[in-house]
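J.: A single structure is presented below for examination.
In my numbering, the protein residues as written are 1024 to 1501.
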């Protein structure tokens, strides 16, 4: 029994001693790391002799060699390597000292690590090589060092991003040039089909786009959604790149899988200068997407008056979407006063109805856009244009409680007693929804209280409250 207790106490003592020693080592290493972060390389080197375990790892898996490489302390890197620091240990994120020096741009440290046999093709947890990280940050001198040591120039980070792709995205021209001149694959694409040329066009890196085209990059390479470099440049408003791509023969009227053109993409994002460039070079403004939307519809709906003005010079003002709607209808629906006025001033037909019978007037009333309603009432021939379910603008105004608009429609001669497909009149609808001001307006203007719905109900039967019911009954007495 006594010997068992002694054995147990000895084990506890050894464990505590190890923990204490480990804590001391961590303290010494923390002092060095603090010096490195303060860019005090000399102090870091002076503190090194106190460290016993040269490959000690912190909570993140980092070693002193990694910290020295990360912070550019060449002297400490050399001292650590002389004491046997391991070059290929990985942090919890999979980074080695070589990854850190390559990412942060320390070519002298990279040289030292390579001379000690650091593995150039070890991957981080996100599958990035040191060369990829150097390309990502534009460290061309380091890319060259790694390439000369056999690093795979086309190794894909995260399984899809090549060094050339990331350098093109981030605008590192010298890195792009070195990679391309050393046979990097220009047509490697991401899981969505984006090439280096595509991402350079997206990011607005003109010099890189021009260089990649000179090297033979495919100008019409499409992503999985069918977008080309010209499409993405147009979408992002990269006018100079759009101009360059068009000069190099890019298809100006190409369509994505959903039928969007570069002009449509530029229009949707309100890139006025890009729209000007595309139209000047012959883009067709009347091409519609799979849903039937043309640039004129988008610009009108979004209220881009200047773009509408440009499109009207070359496009069809009353072009219809798949649902039969026109640009004027979209402007009216969204309350875009300036755009609607511009369309009307240029001859847009306010009398057109969509396949469901909706007119610009109807949707303006439906959405409460009083100013546009006023504009349209001056243009329409018939204020009672019905939808496919028999609703007139006055009926929808009565349903929405838009008293001012209802009065405007009545003044314009709207037929108060028309009935929809269910037999309801504007009076019945206003009564059912409880809009007493509209009920009074309609009664004062001769609404027929005797009319009934298809199931035999009159306005008085549908009245939401007693006040409205009494208004109707009093009108009957009169």
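Note that beta-carbon positions come from the ideal geometry of N, C-alpha and C, so glycine has one too.
Fair warning: this is a prediction, and the values are worked out from it, not measured in the lab.
Could you compute how far the alpha carbon of residue 1192 sits from the alpha carbon of residue 1225?
T.: 8 Å
J.: Can you give me the start and stop residues for the alpha helix (DSSP H) that residue 1211 sits inside?
T.: No alpha helix (DSSP H) contains residue 1211, which DSSP labels as neither H nor E.
J.: Would you decide whether residue 1497 is buried or exposed? Buried here means 16 or more other CB atoms lie within 10 Å of its CB.
T.: exposed
J.: Report the rounded CA-to-CA distance for residue 1144 versus residue 1127, giving the unit in angstroms.
T.: 17 Å
J.: How many Å lie between residue 1281 and residue 1302 at the Cα?
T.: Their backbone Cα atoms lie some 21 Å apart in a straight line.
J.: What three-state label does DSSP hand residue 1244 in the structure shown?
T.: coil
J.: Can you give me the Cβ contacts of residue 1246 inside the same chain, cut-off strictly under 6 Å, excluding the 5 residues immediately before and after it?
T.: Non-local beta-carbon contacts of residue 1246 in its own chain, meaning distances under 6 Å to residues more than five positions away in sequence, involve 1215, 1216, 1217 in chain order.
J.: Give the straight-line distance between the Cα atoms of residue 1488 and residue 1452, rounded to the nearest whole angstrom.
T.: 13 Å
J.: For residue 1072, does the count of other Cβ atoms within 10 angstroms reach 16, so buried, or fall short, so exposed?
T.: exposed
J.: Taking only runs of the beta strand (DSSP E) that begin and end inside the region 1122 to 1207, which ones reach a length of at least 3 residues, in chain order?
T.: none
J.: Exposed or buried, what is residue 1262 when buried is set at 16 or more other beta-carbons lying within 10 Å of its beta-carbon?
T.: buried
J.: Could you check what DSSP says for residue 1075 in three-state terms: helix, strand or coil?
T.: coil
J.: When the Cα of residue 1355 is compared with those of 1375, 1336, 1339, which residue comes out closest?
T.: 1375
J.: DSSP three-state label for residue 1328, please.
T.: Helix, per DSSP.
J.: Looking only at its own chain, which residues have a Cβ that is under 7 Å from the Cβ of residue 1465, when we skip the five neighbours before and after it?
T.: 1439, 1449, 1450, 1453
J.: Which residues in the same chain have their Cβ closer than 6 Å to the Cβ of residue 1187, if we skip the five residues on either side of it in sequence?
T.: 1202, 1207, 1219
J.: Counting along the chain, where does the alpha helix (DSSP H) carrying residue 1353 start and finish?
T.: 1350 to 1357
J.: Which first and last residues belong to the alpha helix (DSSP H) in which residue 1221 is found?
T.: 1219 to 1226
J.: Cutting at 7 Å between CB atoms, please list the residues of its own chain near residue 1335, excluding the five before and the five after it.
T.: 1369
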